[in-house]
Amino acid sequence: MSVSAARPVAAEHLDVLIVGAGISGIGAGRYLKTELPSKTFAILEARAASGGTWDLFRYPGIRSDSDLHTFGYEFKPWRDEESIAAAPRILSYLRETATENGLDDHIRYHHKVLSVSWSSDRARWTVRVERADTGERTTLTCSWLFCAGGYYRYDQGFTPHFEGRERFRGTIVHPQHWPEDLDYAGKRVVVIGSGATAVTLLPAMAGTAAHVTMLQRTPSYVMPVSKRDVVANVLKKHLGRERGYALTRRKNIAQQRFVWAFCRRYPKVARRLIRWVNTRQLPAGYPVDEHFNPPYDPWDQRLCAVPDGDLFKAIRAGKASVVTDRIATFTENGVRLASGRELEADVVVTATGLNVQAFGGVRITVDGEEVRLPDTVAYKGMMLSGVPNLAFSIGYTNSSWTLKVGLLCEHFCRLLAHMDASGHDVCRPEPADPAMPTRPFLDFDAGYIRRAVDRLPRQGDRMPWLTSMDYHADVKLLRADSVVDPELHFTRSGAARAATDSPPHDDGLLTRGAFWRGGRAVREGP
Numbered sequence: 013m014s015v016s017a018a019r020p021v022a023a024e025h026l027d028v029l030i031v032g033a034g035i036s037g038i039g040a041g042r043y044l045k046t047e048l049p050s051k052t053f054a055i056l057e058a059r060a061a062s063g064g065t066w067d068l069f070r071y072p073g074i075r076s077d078s079d080l081h082t083f084g085y086e087f088k089p090w091r092d093e094e095s096i097a098a099a100p101r102i103l104s105y106l107r108e109t110a111t112e113n114g115l116d117d118h119i120r121y122h123h124k125v126l127s128v129s130w131s132s133d134r135a136r137w138t139v140r141v142e143r144a145d146t147g148e149r150t151t152l153t154c155s156w157l158f159c160a161g162g163y164y165r166y167d168q169g170f171t172p173h174f175e176g177r178e179r180f181r182g183t184i185v186h187p188q189h190w191p192e193d194l195d196y197a198g199k200r201v202v203v204i205g206s207g208a209t210a211v212t213l214l215p216a217m218a219g220t221a222a223h224v225t226m227l228q229r230t231p232s233y234v235m236p237v238s239k240r241d242v243v244a245n246v247l248k249k250h251l252g253r254e255r256g257y258a259l260t261r262r263k264n265i266a267q268q269r270f271v272w273a274f275c276r277r278y279p280k281v282a283r284r285l286i287r288w289v290n291t292r293q294l295p296a297g298y299p300v301d302e303h304f305n306p307p308y309d310p311w312d313q314r315l316c317a318v319p320d321g322d323l324f325k326a327i328r329a330g331k332a333s334v335v336t337d338r339i340a341t342f343t344e345n346g347v348r349l350a351s352g353r354e355l356e357a358d359v360v361v362t363a364t365g366l367n368v369q370a371f372g373g374v375r376i377t378v379d380g381e382e383v384r385l386p387d388t389v390a391y392k393g394m395m396l397s398g399v400p401n402l403a404f405s406i407g408y409t410n411s412s413w414t415l416k417v418g419l420l421c422e423h424f425c426r427l428l429a430h431m432d433a434s435g436h437d438v439c440r441p442e443p444a445d446p447a448m449p450t451r452p453f454l455d456f457d458a459g460y461i462r463r464a465v466d467r468l469p470r471q472g473d474r475m476p477w478l479t480s481m482d483y484h485a486d487v488k489l490l491r492a493d494s495v496v497d498p499e500l501h502f503t504r505s506g507a508a509r510a511a512t513d514s515p516p517h518d519d520g521l522l523t524r525g526a527f528w529r530g531g532r533a534v535r536e537g538p
């Protein structure tokens, strides 16, 4: 055997590896492709298809719970008449985005990331990947990781223990794993849960099932919203698609912010208004306070939106009902409640939530030391203290998720451009005060967050260590302000120093809201 034949093949190296080909990963790929066209990158997707959530979930009626003028990308107008859209249309929109921006060839399907390890000596990540279709394992290296895999486990939804479940003679299904051949026509269905999934399933199944009962332990705030945004459609008709979309987006951002701020500042008034709306939507004499009066204030948890009031319509038509009680045990024919009442069912749907899993459960090590997420603090809601060259995307919990993703992607591209211009190849956020008080990463009272709070990063008590949920504040922080910060440390590794002794000059423009395009810095306004 020749010496050259015995030499190990070097792992493929890329400037950026994006993990996840859902709404965040496709967005990140588009920004990289547009703003930093010289960067090499790949998007690793463990599944066989792109789209993330919108390809994974197949339960009846799945749709957005916020308008697509804000849930969609800023750079790609939403064209449909309906602004509250069904999953197939959202999936088509995402795949159109990938194709239009030349991302299809960058996506590598069946590539599941197992672990990532950072080497300070080499200033790069080593990424261990398993082919989900063949089991083959490979290794890649990259200068930057961008984690865009969402926040929950794709392989397992959350289902609490139910006494006597094994006795039930019907079918039990979790929405995250909906069987394609499930036939519920003419059958009695009980949906356990009161969140966004449950309020979607109830009206979607009511048209076919004999009857659908939403069994909830605790009520949620539910508000009707129009499927069609009349103002948006008028603006697009008279001002054109681009301008109409931009103005609608601004309008809806302001509207979302106003509703949230009003509910937080005047919770008693907001509660009364929501109750008044619910009363007008429900049959006369309906026990609104029993089934639609949560024990918490509006926006302690996310409000559930029902397009055109479809849930209330199903209740008025007698095709659906709501029961507020606790499960004592499953029986052969249904569910017995703590009150002693039994709900008979042929199908039980456990719409009981998600299992939160940060970074897809990937093991992260830095110079041989494993990173414990609860020991880290999130920097600008997009990096982790002590972890170099790793960014992630988490959207808003009080507004459309994608609004923040776009800002994070822009900031990420500006950060990389600044590093190129200044000759640095490593950046690592570190709090100036190691004893800075911290609190949970997300100030949100939803059950799926509470169950995972001790496995997530923390946030600090001041910027840039706060996890902002304010779009306008983030426009300033992530789009207008400098990427340079006293608590973000830039260095040049030995490899970078060896490669060049005269790094490009940064005149400061890139740190103040500009992108690097075609070899020159171009100003971008807020």
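Converting from the sequence shown to my numbering requires adding 12 to each position, the first position being numbered 1.
All C-beta atoms in this analysis are idealised placements derived from N, C-alpha and C, irrespective of residue type, glycine included.
Return the CA-CA distance between residue i and residue j, expressed in angstroms with no decimal places.
i, j, result
"Leu609", "His423", "Here the chain covers residues 13 to 538 and nothing more, so residue 609 does not appear."
"Ser62", "Ser351", "45 Å"
"Thr450", "Asp493", "24 Å"
"Val360", "Ser505", "57 Å"
"Ser129", "Val139", "7 Å"
"Thr212", "Gln267", "23 Å"
"Gly205", "Phe274", "27 Å"
"Gly398", "Thr336", "46 Å"
"Leu396", "Gly162", "16 Å"
"Gly182", "Gly373", "34 Å"
"Asp358", "Lys51", "55 Å"
"Pro516", "Ile286", "Interpretation of Pro516 is limited by its pLDDT of 41, a score under 50 that renders its predicted location unreliable; the figure taken from the coordinates is listed afterwards. Near 57 Å, if we compare the C-alpha coordinates of Ile286 and Pro516."
"Leu521", "Phe502", "Note that Leu521 scores a pLDDT of 36, beneath 50, so its modelled location is shaky; the value from the coordinates is reported in the next line. Looking at the two C-alpha atoms, the distance is approximately 17 Å."
"Pro307", "Glu24", "54 Å"
"Val202", "Pro72", "14 Å"
"Val246", "Leu157", "42 Å"
"Ile74", "Leu349", "28 Å"
"Pro187", "Glu356", "20 Å"
"Arg346", "Glu254", "Before going on, a small fix: residue 346 reads as Gly here, not Arg. Roughly 52 Å separates the two Cα atoms."
"Pro215", "Arg276", "29 Å"
"Ile184", "Val495", "50 Å"
"Arg240", "Phe53", "38 Å"
"Asn367", "His250", "45 Å"
"Thr577", "Gly84", "Missing from the structure shown is residue 577; the chain here goes from 13 to 538 and no further."
"Phe342", "Met448", "48 Å"
Taking only three categories from DSSP, how would you classify residue i?
i, result
"Val271", "helix"
"Pro452", "strand"
"Ser514", "With a pLDDT of 44 at Ser514, under the threshold of 50, the modelled position of that residue is not reliable, and the figure given next carries that caveat. Note: Ser514 maps to coil in three-state DSSP."
"Thr364", "coil"
"Gly547", "A query on residue 547 cannot be resolved here, the shown segment of the chain reaching from 13 to 538 and no further."
"Glu178", "helix"
"Ile265", "helix"
"Gly352", "coil"
"Ala485", "helix"
"Leu323", "helix"
"Val496", "coil"
"Tyr85", "coil"
"Tyr298", "coil"
"Trp90", "coil"
"Trp66", "helix"
"Leu490", "helix"
"Trp311", "coil"
"Thr183", "strand"
"Tyr164", "strand"
"Thr343", "coil"
Considering only DSSP beta bridges, list what residue i is partnered with.
i, result
"Arg149", "Glu142"
"Ala317", "Met235"
"Ala98", "Arg75"
"Glu57", "Tyr121"
"His501", "Arg440"
"Leu478", "Its beta-bridge partners do not exist; DSSP assigns none."
"Arg470", "Val389 and Pro452"
"Phe304", "Answer is none; Phe304 lacks a bridge partner."
"Thr585", "Any question about residue 585 goes unanswered here, given that the chain covers just 13 to 538."
For residue i, would you say it is in contact with chain C, using Cβ-to-Cβ distances shorter than 9 Å as the test?
i, result
"Leu355", "The structure shown has no chain C; it contains just one protein chain."
Runs of 3 residues minimum, wholly inside the segment 14-53: which ones carry the beta strand (DSSP E) assignment?
24-31
Give, in chain order, every unbroken run of the alpha helix (DSSP H) that is at least 4 residues long and sits entirely within the segment 366-444.
413-434
Mind listing, in chain order, the continuous beta strand (DSSP E) runs of no fewer than 3 residues lying wholly within the segment 103-135?
119-121 and 123-131
Does the segment 112-130 come close enough to the segment 39-51 to have 3 or more Cβ pairs within less than 8 Å?
yes
Taking only runs of the beta strand (DSSP E) that begin and end inside the segment 189-251, which ones reach a length of at least 3 residues, in chain order?
You should have 200-204, 223-228 and 234-237.
So, does the segment 220-238 touch the segment 285-292, judging by three or more C-beta pairs under 8 Å?
yes
Assess, as a yes-or-no matter, whether the segment 326-334 is touched by the segment 164-179 under the definition of 3 or more beta carbon pairs within less than 8 Å.
Touching, no, given that fewer than three Cβ pairs across the two stretches are closer than 8 Å.
Below 8 Å, can you find three or more Cβ-Cβ pairs linking the segment 94-110 to the segment 212-223?
no
So, do the segment 436-444 and the segment 408-422 have three or more beta carbon pairs nearer to each other than 8 Å?
no
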